[in-house]
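Before any comments, here is the structure.
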Amino acid sequence: MALKIGVIQPSFRLPLKEALAKAREVGADGVQLWVASGELDPDNLTETGKKDLLHHLEKNKLEISAVCGDIGGFVHEEGLEERIAKTKRIVDLAMELESPIVTTHIGTIPEDWKETKEGKMMFEAVKEVAKYAENRGAFLASETGPESPDLMKEFLDAVDSKGIAVNYDPANLVMRGFDYLGGVKILAPYIVHTHAKDGIRRDGRGREVALGDGDVNWDAYIAEMRSIGFDGFFTIEREVGDDPVADIKKAVDFLRRY
75 MALKIGVIQP
85 SFRLPLKEAL
95 AKAREVGADG
105 VQLWVASGEL
115 DPDNLTETGK
125 KDLLHHLEKN
135 KLEISAVCGD
145 IGGFVHEEGL
155 EERIAKTKRI
165 VDLAMELESP
175 IVTTHIGTIP
185 EDWKETKEGK
195 MMFEAVKEVA
205 KYAENRGAFL
215 ASETGPESPD
225 LMKEFLDAVD
235 SKGIAVNYDP
245 ANLVMRGFDY
255 LGGVKILAPY
265 IVHTHAKDGI
275 RRDGRGREVA
285 LGDGDVNWDA
295 YIAEMRSIGF
305 DGFFTIEREV
315 GDDPVADIKK
325 AVDFLRRY
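Written out as structure tokens, the structure reads:
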């Protein structure tokens, strides 16, 4: 079965409508929309704007792979209540767009999260938003990277909600020295979306590189994802590089081999 290939919209570094057209041009099946700020922020997007967005998605024959609602995580107390409230508004928007996956960075999970004030505060915030997502039929998908898959699973198990999920980013794990292949099995019950991104780790430091040029073994990674029954989007994310459109086209062509 062919992969469903998406592109995170800001990676094109183009205005929204141009980015959607370019996603179609490079051969993507879908896009992950940035809704944390800008014109698609739920606090800015009008009903007319929603209709216009859906029109351009249909025009370009694109699905929404997920929406990205990364507004700073839930670690810091200052502004926490507003970040919780805004994340709920982002969940509402996702459901209005009929795309139930909201990806985000919840913040780095402390090893001692059960014992510290910050860890407990983060846990309660994530639990509240996850419950809200569950009640709406949505998923709050935490992106992998800052912590080990084992620690993330421990935290998500404790949240104990059908609304909590994982946006699996193998490159983030590679760049931090974690086992990105073993992590798939560990987090399998939670994975609803994955970023197609590549990276390397040298001398204790991580760096993003173009898809196929890094340390992610894509044959093994895609086989591992298929082995757990994953049939969602592989969404290309390109955060560096001088020619993002060319890099994205190369990445789409690379993934089409599978």
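To convert a position in the sequence shown, counted from 1, into our numbering, add 74.
In this text, a Cβ means the ideal position worked out from N, Cα and C, and glycines have one as well.
Practice problem: Could you name the residues that DSSP lists as bridge partners for I310? | Solution: Paired residue(s): V81, A270.
Self-check item: Contact check, R210 vs V165, beta carbons under 7 Å
Solution: It is a contact, given that the beta carbons lie within the stated cut-off.
Exercise. Pull up the DSSP beta-bridge partners for N241, would you.
Key: N241 is bridged by DSSP to E217, H267.
Quiz item: Three or more C-beta pairs closer than 8 Å, one from the segment 258 to 275 and one from the segment 300 to 319: is that the case here?
Solution: Enough Cβ pairs lie closer than 8 Å, so yes.
Quiz item: Which value, in whole angstroms, describes the spacing of the CA atoms of L214 and D277?
Solution: Approximately 34 Å between the Cα atoms of the pair.
Quiz item: Leaving out the 5 sequence neighbours to the left and right, which residues in its chain are closer than 6 Å to E298 when beta-carbon positions are compared?
Solution: Within the same chain, E298 has close Cβ partners L255, V258.
Self-check item: Unbroken beta strand (DSSP E) run spanning A140, endpoints
Solution: Per DSSP, the unbroken beta strand (DSSP E) holding A140 starts and ends at 137 to 142.
Practice problem: Measure how close the beta-carbons of G334 and R157 come, nearest whole angstrom, since I'm counting them as under 8 Å. | Solution: Outside the shown range of the chain, which is 75 to 332, sits residue 334, and nothing can be said about it.
Quiz item: Of the choices H130, T218, G193, whose alpha-carbon is the least far from that of A239?
Solution: The residue with the shortest Cα to Cα distance from A239 is T218.
Practice problem: Would you check if the distance between the CB atom of S216 and the CB atom of I180 is smaller than 7 Å? | Solution: In this structure, S216 lies near I180, with their beta-carbon atoms less than 7 Å apart.
Quiz item: Below 7 Å between beta carbons: does that hold for N134 and A95?
Solution: A contact, by the Cβ cut-off of 7 Å.
Quiz item: Counting along the chain, where does the alpha helix (DSSP H) carrying L128 start and finish?
Solution: Residues 121 to 133.
Exercise. Apply the 10 Å Cβ neighbour rule to E282 and answer buried if 16 or more other Cβ atoms are within range, or exposed otherwise.
Key: Using a 10 angstroms sphere on the CB of E282, the tally of other CB atoms reaches 16 or more, which defines it as buried.
Practice problem: Determine the extent of the beta strand (DSSP E) in which T177 is found, giving its start and end residues. | Solution: Boundaries of the beta strand (DSSP E) harbouring T177: 175 to 178, taken from the DSSP string.
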